[in-house]
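Residue numbers (this note's numbering): 843 to 1030.
For every residue, glycine included, the Cβ atom is placed at its ideal position computed from N, Cα and C.
This one's a predicted model, so the numbers in the text were calculated from it and none came from an experiment.
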Ligand SMILES: [Zn+2]
């Protein structure tokens, strides 16, 4: 083998030279995959491998507002991006160098940032508020306060009310975002 040209390569060579070469008399050579427990198995599991590769940051308090059994995956995904402020809103597009107007394409009277879309915008509020008010009074109008409100609220209606309000929130986020994206496409 050629001389090691990096520390990682050197470690690999040390490891290889510390092992006896394969010998057919010891049985057939097979691939082994490391399990979460540290043992090895012959079958590959994407879940076990992903769990070992990924970072495990602490859970955010609003995780149950986004991910739950009854949720619609594409709605959850858009709401998750909205909660993290990662949707490509116009302020973000402009910060990436795109020369586009920064006005909200839905109401034309505010800047298109996450807080405006969810739910400062008069159109967004008119979608979210009437539905939310049918479940609980005094529904708040920012994603952070809506999440806290959902998690802490005692349902006055029935045990499915929290599920319904979460679905309403996610559906509103998804449809508002889709509407905004459609208008932006037309504008561009
Ligand atoms: Zn607006």
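In the three-state reduction of the DSSP assignment, residue 945 falls in the strand class. Judged by beta-carbon spacing, residue 992 lies within the 9 Å limit of residue 1007, meaning their Cβ atoms are closer than that value. Put simply, the region 911-925 does not touch the region 886-898. Fewer than three CB pairs are less than 8 Å apart. Of the other Cβ atoms in all chains shown, fewer than 16 fall within 10 Å of the Cβ of residue 869; this residue is therefore exposed. At least 9 Å separates the beta-carbon of residue 956 from that of residue 921.
The beta carbon of residue 1014 sits closer than 6 Å to those of 969, 970, all from its chain and outside the five residues before and after it, given in chain order. Beta-bridge analysis with DSSP links residue 883 to 875.
In terms of Cα proximity to residue 1024, the closest of 902, 982, 947, 972 is 947. Taking a 10 Å sphere around the C-beta of residue 843, we find fewer than 16 other C-beta atoms and assign the residue as exposed. Of all alpha-carbon atoms in 871, 1009, 933, the one lying nearest the alpha-carbon of residue 916 is that of 1009. From the listed residues 1011, 950, 855, the smallest Cα separation to residue 1026 is found for 950.
When secondary structure is reduced to three states using DSSP, residue 935 falls in the helix class. Within the same chain, and ignoring the five residues on either side of residue 967 in sequence, the residues whose Cβ sits closer than 7 Å to its Cβ are 961, 983. Ranked by how close their Cα comes to the Cα of residue 875, the residues 866, 889, 865, 863 have 889 in first place.
Residue 939 counts as exposed, since fewer than 16 other C-beta atoms from the protein chains shown sit within 10 angstroms of its C-beta. The residue from 857, 978, 924 with its alpha-carbon nearest to that of residue 1002 is 978.
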